[in-house]
Amino acid sequence: MDAGAAARATNAVTSIPRDQDGPVFRAPWEAQAFAMALTLHDRGVFTWPEWAAALADQIKRAQAAGDPDTGETYYQHWLATLEHLVAAKGVTTAETLHRYRDAWDHAADRTPHGQPIVLTAVDFE
Numbered sequence: 046m047d048a049g050a051a052a053r054a055t056n057a058v059t060s061i062p063r064d065q066d067g068p069v070f071r072a073p074w075e076a077q078a079f080a081m082a083l084t085l086h087d088r089g090v091f092t093w094p095e096w097a098a099a100l101a102d103q104i105k106r107a108q109a110a111g112d113p114d115t116g117e118t119y120y121q122h123w124l125a126t127l128e129h130l131v132a133a134k135g136v137t138t139a140e141t142l143h144r145y146r147d148a149w150d151h152a153a154d155r156t157p158h159g160q161p162i163v164l165t166a167v168d169f170e
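When you read off a place in the sequence shown, starting at 1, and then add 45, the result is the number in the working numbering.
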């Protein structure tokens with residue numbers, strides 16, 4: 046991950062969990078979601094103020110629905126915001142996102158514990 050881009054993101058989006066070295070992640074998927082947002086920002090899909098506003102809205106909706114806001118769900122909100130913005134910006138569609146989510150779920154279900162998940166054409170059937 047580009048350290049400069051990560052630093053710019055943590056400066057622009059103040060809610061990002063961090064320590065003295067920068068953003069912190071509890072699981073690899075969180076770092077991957079973070080990196081996807083950095084890449085999409087660098088490609089001009091959204092600005093950091095736009096991202097921060099969309100993330101704040103997502104978190105407010107989750108809190109209203111009962112999220113206890115302990116910090117453990119932060120990157121779930123990050124991912125939901127990412128999905129919302131890429132669909133809203135026309136990068137992909139909500140239907141395509143659902144199709145891939147279902148395919149990943151299918152691939153995970155058939156993958157033995159501890160093995161890497163490999164997405165194949167059969168997962169889309």
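Cβ coordinates follow ideal geometry from the N, Cα and C atoms, glycine included.
- DSSP lists G67 as the bridge partner or partners of D64.
- Looking at the backbone, the Cα of A152 and that of E117 are separated by about 25 Å.
- Membership of R144 in the alpha helix (DSSP H) is indicated by the continuous run A139 to R155.
- One thing to note: P68 has its Cβ no nearer than 7 Å to the Cβ of A57.
- For the pair of segments examined, the segment 86 to 103 was found to touch the segment 127 to 140: the number of CB pairs separated by less than 8 Å reaches three.
- I104 sits in a helix when the DSSP states are folded into three classes.
- In the DSSP assignment, V131 falls within the unbroken alpha helix (DSSP H) covering Y119 to A133.
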